[in-house]
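The structure under discussion appears below in the form of C-alpha cells.
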Amino acid sequence: MNRRSFLKLAPLPCLGAESDAPFIVEAQFYEKLPYKKIKCKLCPRECVIDDRERGYCGVRENRGGVYYTLVHSRVCTFHVDPIEKKPFFHFLPGTLAYSLATAGCNVNCKMCQNWEISQVRPEQVRNIYLPPRKLAALAKQEDCASIAYTYSEPVIFFEYMLDAADAGHAAGVKSAVVTGGYIQEEPLKKLCPRVDAIKVDLKAFSQKFYTEVVNGELKPVLNALVTLRKLGMWTEIVYLVVPTLNDSDQEFKGLARWVKSELGLDVPLHFSRFHPMYLLKNLPPTPLETLERAKAAADAEGLRYVYIGNVPGHPAEKTYCPKCRRVVVDRVGFSVESNHLRKGKCRFCQQAIAGVWGT
Ligand code: SF4
Numbered sequence: 000m001n002r003r004s005f006l007k008l009a010p011l012p013c014l015g016a017e018s019d020a021p022f023i024v025e026a027q028f029y030e031k032l033p034y035k036k037i038k039c040k041l042c043p044r045e046c047v048i049d050d051r052e053r054g055y056c057g058v059r060e061n062r063g064g065v066y067y068t069l070v071h072s073r074v075c076t077f078h079v080d081p082i083e084k085k086p087f088f089h090f091l092p093g094t095l096a097y098s099l100a101t102a103g104c105n106v107n108c109k110m111c112q113n114w115e116i117s118q119v120r121p122e123q124v125r126n127i128y129l130p131p132r133k134l135a136a137l138a139k140q141e142d143c144a145s146i147a148y149t150y151s152e153p154v155i156f157f158e159y160m161l162d163a164a165d166a167g168h169a170a171g172v173k174s175a176v177v178t179g180g181y182i183q184e185e186p187l188k189k190l191c192p193r194v195d196a197i198k199v200d201l202k203a204f205s206q207k208f209y210t211e212v213v214n215g216e217l218k219p220v221l222n223a224l225v226t227l228r229k230l231g232m233w234t235e236i237v238y239l240v241v242p243t244l245n246d247s248d249q250e251f252k253g254l255a256r257w258v259k260s261e262l263g264l265d266v267p268l269h270f271s272r273f274h275p276m277y278l279l280k281n282l283p284p285t286p287l288e289t290l291e292r293a294k295a296a297a298d299a300e301g302l303r304y305v306y307i308g309n310v311p312g313h314p315a316e317k318t319y320c321p322k323c324r325r326v327v328v329d330r331v332g333f334s335v336e337s338n339h340l341r342k343g344k345c346r347f348c349q350q351a352i353a354g355v356w357g358t
C-alpha cells in the first residue's frame, strides 16, 4: 500500500487516541452521488469517495454519504513569523503574521519542506484545538497584523480558513493565504472576499514538472491566478527554482511572458533558492547564477517587482521604485531595515507602488 492509499482509508478504531469530534464540520463544495458516494469539488482532483473513505488529501471523509472536514480548528503547527518569511513583500511589510497549518495537502511535491505535516493524516501528528475566535485573540495578543494559513496547504482546511478569517477581521487582524493555488474556481471565488492577500507557489511552468514532481496539474493553477487577478485580490507568486527540473531559459521566458500578458506588470514574482529536501536530496542548492538568470528574464519582459529569495543580503530582496529606481523597502533576509513608502507611494518621486501597505 502506498502513502496515498493509506491516507485515503478511514482510521481503524485502534488508531489515534485523540477524539476527532471537535474538529468535524460538514465540508463545503461536494456533490452527493448514488450509493452514498460523494464527489469533492474543492480542488481540481475531484476525488470520488466511497462511504468511510477519504479523499487524496487525507483530511476529508465520507460518513454515510455526507462529506466532512476533519481538521476544522485542528492545528498541528503554529508560529509567529515575519510576513516576509511567507514571503509577502508587498503586503504589510515589517509586520508579524500568526502562522498556522493543519495536517494534509492535495499534492505531493518531491521538494516539500514540510512533508512531515503535509503528507500525513491528522491522526499522525499532535494537534491542538484552536477555534477561530481563540486564534484571532492569540494573533492580536501577539501583535500580529495578519493570520497566515501556510506550511501545509490551506485549501484542504478551507472551512476553518474561512471561519478564522472572519474571526480575524472581527478582531482587526487581516488574513494572508500561502497556497499552491490548486483549487477550483467556485471555492476560490468564495474565499477571496474573506481574505486580504494570496501568495501562490507556482511550482513550474511546465506540465511535465507538475506530473513528475508535484503530482498535480499546471493549468488549474494558472486559471486560479487569472481568477485572482479578475477579482482584484492582492497576489504574489513564488517560483522555487529546482536545478535541472524547472530552470531552463525557455521556461523562465515563457513564465515571464505569461505573467505579463495574463496578470500584468505589477504582480511580484519571487524566484526562490531550492535546498535539497524530502525526495530531492540528490540535487544541489540552486546556483545564484540560475536565480539571476530567471530574474533577468522577468526583468526583460518589464515585470516591475522581481525578487530573488532565500539568498539573504542579495540586492534583489529590496523593493525598488519602478520610476526613480530608489530603494523604497530595504530588506535583509526577513527583516525590513527601512520603508520609504508614504500612503503606498514612493517618498522620493510619488510613484504609486502596487501592494497593500498599511502606511
Ligand atoms: S480537496 Fe482533497 S478530497 Fe477534495 S478533491 Fe482535493 S484532494 Fe480530493
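Residue numbers (numbering that gives the first Met the number 0): 0 to 358.
C-beta atoms are modelled at their ideal positions from N, C-alpha and C, and glycine is treated no differently.
Is it right to say residue i is buried, meaning 16 or more other beta carbons lie within 10 angstroms of its own, or is it exposed?
i	result
Ser337	exposed
Cys323	exposed
Gly15	A caution first: Gly15 carries a pLDDT of 47, below 50, which makes its placement in the model unreliable, though a value can still be read off. Exposed.
Asn281	exposed
Ile155	buried
Ala295	exposed
Ala169	exposed
Asp246	buried
Tyr128	exposed
Please return the same chain residues whose Cβ sits closer than 8 angstroms to the Cβ of residue i, not counting the five positions on each side in sequence.
i	result
Gly171	Lys139
Val79	Leu95, Ala96, Tyr97, Ser98, Glu141 and Cys143
Arg303	Leu264, Asp265, Pro321 and Ala353
Gly63	Lys35 and Asp50
Gly357	Leu91, Thr94 and Ala144
Val258	Ile236, Val266, Leu268, Ala297, Glu300 and Leu302
Gly312	Val331 and Gly332
Can we count residue i as close to ligand 1, meaning its CB is less than 7 angstroms from some heavy atom?
i	result
Leu41	yes
Ile155	yes
Arg62	no
Cys396	In this structure the chain extends from 0 to 358, so residue 396 is not present and cannot be described.
Tyr55	yes
Cys108	no
Glu25	no
Asn222	no
Arg132	no
Asn309	no
Asn214	no
Cys320	no
Arg73	no
The beta strand (DSSP E) spanning residue i covers which residue range?
i	result
Asn338	Ser334 to Asn338
Pro81	Thr76 to Pro81
Tyr66	Val65 to Thr68
Ala147	Ser145 to Tyr148
Would you check whether ligand 3 has a heavy atom nearer than 7 angstroms to the C-beta of residue i?
i	result
Arg51	You won't find ligand 3 in this model; what it holds is ligand 1.
Once the 5 residues before and after residue i are set aside, which same chain residues still bring their CB inside 6 angstroms of it?
i	result
Phe204	Glu250, Gly253 and Leu254
Phe28	Lys40, Leu41 and Pro186
Asn309	Ser271 and Arg272
Cys191	Leu230 and Met232
Phe77	Leu99
Return the Cβ separation of residue i and residue j in integer angstroms, given the expectation that the two are a contact with Cβ distance under 8 angstroms.
i	j	result
Ile182	Leu227	Incorrect: roughly 10 angstroms between the Cβ atoms, too far for contact.
Leu224	Gly179	Their Cβ separation, rounded to whole angstroms, is 11 angstroms, which puts Leu224 and Gly179 out of contact at 8 angstroms.
Val70	Ala20	Rounded, the Cβ-Cβ distance is 13 angstroms, inconsistent with contact.
Ala135	Ala166	4 angstroms
Val220	Val199	7 angstroms
In the DSSP assignment, find the alpha helix (DSSP H) that holds residue i and state where it starts and stops.
i	result
Asn61	First-last for Asn61: Arg59 to Arg62, but that is the beta strand (DSSP E), not the alpha helix (DSSP H).
Glu185	Glu184 to Leu190
Glu158	Phe157 to Ala169
Leaving out five residues on either side along the sequence, give the residues of the same chain with a beta carbon under 7 angstroms from the beta carbon of residue i.
i	result
Ala26	Arg59, Tyr66, Tyr67, Thr68 and Glu158
Lys84	Phe333
Phe22	Leu69, Val70, His71, Ser72 and Arg73
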